[in-house]
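*Asks:* In UniProt numbering, the protein residues as written are 1 to 370. By construction, the Cβ of each residue, glycine as well, lies at the ideal position given by its N, Cα and C atoms. Okay, here's the structure, questions in a sec.
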Amino acid sequence: MERGHTQYRYDDCGRLAMKRETRPGFRPKETYFDWDVQDRLVRVSLPDGARWRYRYDAFGRRVSKVREGQVPSAHAVARVAYRWDGDQLIGQQQYYADGSTAREVQWVYEPGSFRPLAQVEALGDSTQLHYIVTDLTGTARELCSEEGEVRWRGEQGLWGAHREERRPIPLRRYLGDAANEEVYCELRYQGQLYDAETGLYYNRHRYYDAESGQYLSPDPIGLAGGIRPQGYVTNPLEWIDPLGLTPKEGAKSRDILKKARDGNYAISSEQRQKIIDSIDNPKLKSMFSELYRPGANVPDGGTAASILHTKNTGQLIGGSDHINKGESYLGALKNLASDSGKYKNEVLSGSDRSLANYMIDDLRGALGHL
């Protein structure tokens, strides 16, 4: 199999065995992958001669990775140990070749999910807390200090490479020597951890290659995980696969709107656009665009919230009470969501129908309809 300047060779079990990169004017780079009988990646041999061995516990969770053979220096990371809470990776500890601790990190998640909330990092005798800002699907986008300063920023392409920006952080004890200290986050899509040596994302039961947008091995649960054995989710804007087994809805559009309403803030332009991009039905896409505005002075920026604001305070939003607009769109949404209404031949996906029903309930509540 070939993609651009990269060739892929798979074994009889459908697992990636060799990756060969060829660039004009450069020697080919070959990476080899070894697997055990349980389809777990156990060793990677890199083009520079380095070899990394991966070890797993009885539950199939990776508990360590070790660099085999010589290391560049005594202060190169040669071993990493991992800590788990069920299927949730909660921490890692990196060790230098001389055995001393290089870096220790712990992650805190939303209860019952793989969406990260905070990163706690031990640096020598000090501990640093950074809050994790996530995007629509729970992917880590920023690390913010306790003072609210952004120390790291990352952006994950839909199926491509990851870009990041690191900023030096001052050490309280040695302010003048802080230029080399940087904070960063290895978390990617929910349930994924970045491996710097290979560029792969460890995804609990499998490894994800961001360059190809594919897993290195077939789905362990076969067709129960979907008709694309090595494929990631079809829509990374709305779906996640935290275990590397079965795609599931991650950030539901209605949940984003409800969270904004409960939190008394309007959705951002980015959130609004991502919701629009996730809507399949053109009519629903148009209705949502008209009913929700970013940065408005009402919770979630919606027409229903504007109606409620006027009812509660007597103040108009944008010079209108929005009642007529709400009535009109409520009727249109009910027709769209009905199997026997005006748009009965329209097809709504599960996520579209969920969003449409939320918008209907939202307008009904604001207008006082039963």
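Could you check whether the region 305-314 touches the region 276-286, counting it as contact only if at least three pairs of C-beta atoms, one from each stretch, sit closer than 8 angstroms?
*Replies:* Too few Cβ pairs lie closer than 8 angstroms, so no.
*Asks:* Evaluate residue 264 with the Cβ neighbour count: other Cβ atoms within 10 Å of its Cβ, from every protein chain shown; 16 or more gives buried, anything less gives exposed.
*Replies:* Taking the first residue of the sequence shown as 1, we reach residue 264 at position 264. Answer is exposed; the Cβ neighbour count stays below 16.
*Asks:* Would you check if the region 108-119 and the region 210-222 touch, i.e. whether three or more CB-CB distances between them fall below 8 angstroms?
*Replies:* With the cut-off at 8 angstroms, the region 210-222 and the region 108-119 do not touch.
*Asks:* If you draw a straight line from the alpha carbon of residue 383 to that of residue 92, how long is it in whole angstroms?
*Replies:* Examination of residue 383 is not possible in this model, given that the chain is present from 1 through 370 alone.
*Asks:* Suppose the cutoff is 6 angstroms on Cβ atoms and the five residues either side in sequence are ignored; what does the same chain contact list for residue 76 look like?
*Replies:* Within the sequence shown, numbered from 1, the residue matching residue 76 stands at position 76. Around residue 76: 97.
*Asks:* My understanding is that residue 242 touches residue 199, with C-beta atoms under 8 angstroms, so please give their C-beta distance in whole angstroms.
*Replies:* For the purposes of this step, residue 242 is taken as the residue at position 242 of the sequence shown. For the purposes of this step, residue 199 is taken as the residue at position 199 of the sequence shown. No, residue 242 and residue 199 are not in contact; Cβ-Cβ is about 20 angstroms, not under 8 angstroms.
*Asks:* Can you name the start and end residues of the beta strand (DSSP E) that residue 78 belongs to?
*Replies:* By one-based count along the sequence shown, residue 78 stands at place 78. It spans 77-85 - the beta strand (DSSP E) in which residue 78 sits, taken as one unbroken run.
*Asks:* Can you give me the start and stop residues for the alpha helix (DSSP H) that residue 203 sits inside?
*Replies:* What you label residue 203 is simply residue 203 of the sequence shown in a count that begins at 1. Careful: residue 203 lies outside any alpha helix (DSSP H), inside the beta strand (DSSP E) at 201-203.
*Asks:* Using CA coordinates, which residue listed in 14, 325, 36 and 6 is at the minimum distance from residue 24?
*Replies:* Translated into positions along the sequence shown, residue 24 becomes position 24. Selected option, being the one with the closest Cα: 6.
*Asks:* With a threshold of 6 angstroms on Cβ separation, who are the neighbours of residue 15 within its own chain once the five nearest residues in sequence on each side are excluded?
*Replies:* What you label residue 15 is simply residue 15 of the sequence shown in a count that begins at 1. Only 35 and 217 meet the Cβ criterion.
*Asks:* What separation, rounded to the nearest whole angstrom, lies between the Cα atoms of residue 236 and residue 138?
*Replies:* Position 236 of the sequence shown, counted from the first residue, corresponds to residue 236. Position 138 of the sequence shown, counted from the first residue, corresponds to residue 138. Cα to Cα, the separation comes out at about 11 angstroms.
*Asks:* Note down, in chain order, each residue of its chain lying with its Cβ closer than 7 angstroms to the Cβ of residue 205, except the 5 sequence neighbours on either side.
*Replies:* By one-based count along the sequence shown, residue 205 stands at place 205. Contacts found: 60, 220, 243, 244 and 245.
*Asks:* With 16 as the cutoff for other CB atoms within 10 Å, does residue 311 come out buried or exposed?
*Replies:* Counted from its first residue, the sequence shown places residue 311 at position 311. Label assigned to residue 311: exposed.
*Asks:* Going by DSSP in three states, residue 1 sits in which element: helix, strand or coil?
*Replies:* Looking up residue 1 in the sequence shown gives position 1. DSSP places residue 1 in coil when its eight states are reduced to three.
*Asks:* Beta-carbon separation of residue 53 and residue 30 under 9 angstroms?
*Replies:* Residue 53 sits at position 53 when you count from the first residue of the sequence shown. Residue 30 sits at position 30 when you count from the first residue of the sequence shown. Contact flag unset, no.
*Asks:* For the candidate residues 287, 40 and 301, whose alpha-carbon lies nearest to that of residue 330?
*Replies:* Within the sequence shown, numbered from 1, the residue matching residue 330 stands at position 330. Closest option to residue 330, Cα to Cα, is 287.
*Asks:* Candidates 326, 182, 167 and 294: which alpha carbon is nearest residue 367's?
*Replies:* Stepping through the sequence shown from its first residue, residue 367 is reached at position 367. Answer by Cα proximity: 326.
*Asks:* With a floor of 4 residues, list each alpha helix (DSSP H) that falls wholly inside the region 300-334, ordered by position along the chain.
*Replies:* For the region 300-334, whole alpha helix (DSSP H) runs of length 4 or above, ordered along the chain, are 303-313.
*Asks:* Under the three-state reduction of DSSP, which class applies to residue 256: helix, strand or coil?
*Replies:* As a working note, residue 256 is residue 256 in the sequence shown. Helix.
*Asks:* Taking the alpha-carbon of residue 133 as reference, which of 231, 154 and 349 has the nearest alpha-carbon?
*Replies:* Start at 1 with the first residue of the sequence shown, and residue 133 comes out as number 133. It is 154.
*Asks:* Sort out for me which residues DSSP pairs residue 132 with in a bridge.
*Replies:* Within the sequence shown, the letter at position 132 stands for residue 132. Residue 132 is bridged to 143.
*Asks:* At the level of alpha carbons, what is the spacing between residue 261 and residue 136?
*Replies:* If you number the sequence shown from 1, residue 261 lands on position 261. If you number the sequence shown from 1, residue 136 lands on position 136. Rounded to whole angstroms, residue 261 to residue 136 spans 16 angstroms at the Cα level.
*Asks:* I believe residue 322 touches residue 315 by the beta-carbon criterion, under 8 angstroms. Please report the beta-carbon distance rounded to the nearest angstrom.
*Replies:* The residue you call residue 322 lines up with position 322 of the sequence shown. The residue you call residue 315 lines up with position 315 of the sequence shown. With 8 angstroms as the limit, residue 322 and residue 315 do not qualify as a contact, their Cβ atoms being about 12 angstroms apart.
*Asks:* Nearest CA to the CA of residue 13: which residue from 188, 40 and 124?
*Replies:* As a position in the sequence shown, residue 13 is number 13, starting the count at 1. The candidate whose alpha carbon is nearest that of residue 13 is 40.
*Asks:* Roughly how many whole angstroms lie between the Cα atoms of residue 257 and residue 123?
*Replies:* For the purposes of this step, residue 257 is identified with residue 257 of the sequence shown, where counting begins at 1. For the purposes of this step, residue 123 is identified with residue 123 of the sequence shown, where counting begins at 1. If I take the Cα positions, the gap works out to 38 angstroms.
*Asks:* By the 10 Å Cβ neighbour count, where 16 or more other Cβ atoms means buried, how is residue 209 classified, buried or exposed?
*Replies:* Reading the sequence shown from its first residue, position 209 is the one you call residue 209. Residue 209 comes out buried.
*Asks:* Under 7 angstroms Cβ to Cβ from residue 28, same chain only, skipping five residues before and after it: list those, please.
*Replies:* Stepping through the sequence shown from its first residue, residue 28 is reached at position 28. Excluding residues within five positions, the ones whose Cβ falls inside 7 angstroms are 20, 21 and 22.
*Asks:* Assign residue 232 to one of three DSSP states: helix, strand, or coil.
*Replies:* One-based indexing of the sequence shown puts residue 232 at position 232. Coil, per DSSP.
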